[in-house]
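Heads up, the thing below is written out as structure tokens.
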Amino acid sequence: MPITYTSGEQIEVYRFSIPVTVGVPLLALFLQAFVPRRFPFFSIFDLPLLVTIFFGMARRNPISGLFTGAAIGLAQDMLGAYPIGIYGIAKTVVGYFASSLGAKLDVENAGARFLVTLGFYLVHAAVYFTVARGMVNMTLNWSWSRGIIAGLANAFLGVGLYFLLDKFKQRT
Amino acid sequence: MESVLGRYRNLTILVGVLFLQVLGLAVQVKRSGDAESTRLIRIWAVDSITPFERVLVWAQNGSSSLWHNYFFLRGVRAENRQLKQQIEQMRLDQVRLSEDAEQAHRLQRLLAFKEQTIAKTVPAQVIGSSGSDLSRSIYIDKGSNEGIAPDMAVITAGGIVGKVLRVFPATSLVLMINDQTSGVGAMLEKSRLQGVLKGTPDGAVILERVMSDEKVSPGDTVLSSGGDQIFPKGLPVGAVSEVSPGREMFLNIRVRPAADLSRLEEVLVVTEKQEQTAVVDSGARVRAADILAQRLPSVPDKPVAAAVGAPGSKVAAPGQSTSPVAKTQTPVRSAKPGAVGVQQVAASSTAAASTAKVASGAATVAPAGANAASTSRAPGVDGSGQPKASQASKKTVLSGEPAASGGSPNAAGSNAASLPAKPSTVQPKPPVSQPNPQPPAADEDPH
């Protein structure tokens, strides 16, 4: 699927109601914390990341994208075992670039969304590991095979999830 | 300047937000050397999520319990029968293990070893996880209100799970042993080789720091070594699943955890460990004959069916004990009504060592020794968090009195002395002539 370059005037910018803006990230965080307990394979998914990418691409505003990413990432950090800020930084970067990309490219079709999600998953992982190893001095090891599999799995889930979340979009 | 900032407004804000987060991280990293306290913001986040998780877990357990207890009872009889047979076999194993445990305890006392035992545990339910593939941790529904503190060991009946990392009033965060940042002192049961257990990115567990010239084979049991000061020594960790040459001079040993870390539901938090130097108790006089009786090999166990149904096998019935010793003993309370097979087998095959001990008044010990502890401590913990078996053993070892079998299935089941003396409900079959009639168990006693 080709990713078409579109001028800013042609791209529609969406907004979301407050309940959706607050509720969807919270639901994603909750599901991410609860579901793996029952279905361990679910931990391969990163729902908060998918939500960050979706809101970023839909709003197409880098500032709101980076703040959305920062808020979701920091909330995810608070529930985890590691220092607060690792996910925050990674998702801030992802939110910013997802919004920037959304403002320049038409990422409405499934193929584009798949590739964008896969790419951002790897960017997210790269930033996460860089911060964790470089700043916090954590002994984390990167597994390429697992990273690629997780990226593909998230991309597949993302495509479905985005179509579901599209229903909450409101035109500005 | 303003025009530059205006032009790169988005980028400036991005850099600003990133800088603030990096600053926050730096503060946390700097403070982590001190006694780390839980941040208020983290408490808020956990407190806002965990109530929902609790409610969901409660609802899930309720519906599951309803289904399993009322609607899904097919095959329960068959399963019950099978489990009863399993219990009988395990009791026999337990009797054997108690002998080893007794010997190990005695040697430890003689050598004045310091031993660490689990004194108190708190049962907890797993209500959530960190939800990330990059960190492996779980939330349990017990916190500082229940006496949980950081660095407490978390175990299941199967084996160790992890350690408490952060404590909140009503919940705690547990770092599991398959997290990449965790480290557990472990050793191989047979060779006693020590290493460090760590997690891998894919959630597996590896044993590091074992030299490549050592012999390690798949299937070897891995136990906690106690070197980390968190897990008491001898707790089951897992079994070696794969061995390959690793980097430098070390082996790459993959370990299959004994506890199913991906499907944890209930865990035990070790809230109190007991470290004591075992002292030779001069008050408890053990006669040389008793020690000798315990060390000498006992009669090998016979299959249950053979012991019960074999012609000529003697079955202890009320007032018809085959052991002359058992006749003199007051019948103890039965551990479990209907445990006929155990009584019969015990009366006919394992009576030797146990009856000898009772007769002489030597202390009979429930399995909680160095060897048996690794397998029997955790399952023996009751709902109140008190390890039954080890309590019984402590009492008997220190006082030197015969262990009362109480009404507890655990205590009674582990007490060798109680087995032959239990009144049996099975009438003995009349002896049938056979080519090599087996003498009664008491007669077989080599002591």
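Listed in order, the protein sequences are those of chains A and B.
Letter 76 of the first sequence, counting from 1, is numbered 82 in the numbering used here, and no numbers are missing.
Letter 278 of the second sequence, counting from 1, is numbered 313 in the numbering used here, and no numbers are missing.
We put the beta carbon where it would ideally sit given N, CA and C, even for glycine.
Because the structure is a prediction, the values reported are computed rather than measured.
The residues 223, 224, 225, 226, 274 and 275, in chain order, have a CB closer than 8 Å to that of residue 255/B in the same chain once the five nearest residues on each side in sequence are set aside.
Judged by DSSP in its simplified three-state form, residue 164/B adopts strand. The alpha-carbon of residue 266/B is positioned some 14 Å away from that of residue 200/B. The alpha-carbon separation between residue 41/A and residue 44/B amounts to approximately 39 Å. Proximity of residue 91/A to chain B, defined by a Cβ-Cβ separation below 8 Å, is satisfied. Only 161, 162, 163, 164, 165, 166, 167, 168, 169, 170, 171, 172, 173 and 174 from the region 145-179 of chain B bring a Cβ to less than 9 Å from some Cβ of chain A. Shown here, residue 309/B sits in a strand according to DSSP, grouped into three states.
In terms of beta-carbon proximity, residue 267/B stays away from the interface with chain A, with every pair separated by 8 Å or more. Residue 54/A is classed as buried because its beta carbon has at least 16 other beta carbons within 10 Å across all chains shown.
For residue 70/A, the closest Cβ of chain B is not nearer than 8 Å. When the five nearest sequence neighbours on each side are left out, the beta carbons in the same chain lying within less than 6 Å of the beta carbon of residue 279/B are those of 287, in order along the chain.
When C-beta distances to chain B are compared with 9 Å, the residues of the region 129-162 of chain A below that value are 131, 134, 135, 137, 138, 141, 142, 143, 144, 145, 146, 147, 148, 149, 151, 152, 153 and 156, in chain order.
Contact of residue 127/A with chain B is not assigned, every C-beta pair being separated by 8 Å or more. In the structure shown, residue 287/B falls within a strand segment according to DSSP collapsed to helix, strand and coil. Within the region 215-234 of chain B, contact with chain A at the beta-carbon level (separation under 8 Å) is assigned to 215 and 216.
Between residue 261/B and residue 220/B, the C-beta gap is smaller than 8 Å, which places the two residues in contact. Under the criterion of beta carbons closer than 8 Å, residue 270/B and residue 245/B do not qualify as touching, at roughly 19 Å. Apart from sequence neighbours up to five positions away, the residues of its chain that approach residue 299/B with a beta-carbon distance below 6 Å are 161, ordered along the chain. Of all residues in the region 198-215 of chain B, only 200, 201, 208, 210, 214 and 215 place a beta-carbon less than 8 Å from a beta-carbon of chain A.
Residue range 271-280 is occupied by the beta strand (DSSP E) that includes residue 277/B. Excluding sequence positions up to five before and after residue 285/B, its CB lies within less than 8 Å of the CB of 243, 244, 245, 246 and 247, all in the same chain and listed in chain order. Residue 198/B: member of the beta strand (DSSP E) spanning 195-202, first to last residue.
Take residue 66/A, set aside five residues on each side of it, and the residues of its chain with a beta-carbon closer than 7 Å to its own are 17, 19, 105, 108 and 109, in chain order. Measuring C-alpha to C-alpha distances from residue 303/B to each of 59/B, 272/B, 165/B and 155/B identifies 155/B as the nearest. Here the region 96-103 of chain A makes contact with the region 46-63 of chain A; the two share three or more CB pairs at distances below 8 Å. Here the C-alpha atom of residue 167/B lies approximately 26 Å from the C-alpha atom of residue 68/A.
Put simply, the CB of residue 132/B is far from chain A, with every gap to its CB atoms at 8 Å or more. Interface with chain A (8 Å Cβ-Cβ cutoff): residue 297/B is included. In the displayed model, residue 298/B falls within a helix according to three-state DSSP. For residue 71/A, the enclosing alpha helix (DSSP H) starts and ends at 68-85. Here residue 72/A really is in contact with residue 49/B; their C-beta atoms are around 5 Å apart, less than 8 Å. Under the Cβ criterion of 8 Å, residue 176/A is not counted among the residues facing chain B. Put simply, of 70/A, 168/A and 23/A the residue whose alpha carbon is nearest the alpha carbon of residue 123/A is 168/A. In terms of Cα proximity to residue 190/B, the closest of 258/B, 75/B and 251/B is 258/B. Nearest CB-CB separation between residue 61/A and chain B: not below the 8 Å threshold. The contact set of residue 46/A on chain B, defined by CB atoms closer than 9 Å, consists of 164, 238, 296, 297 and 298 in chain order.
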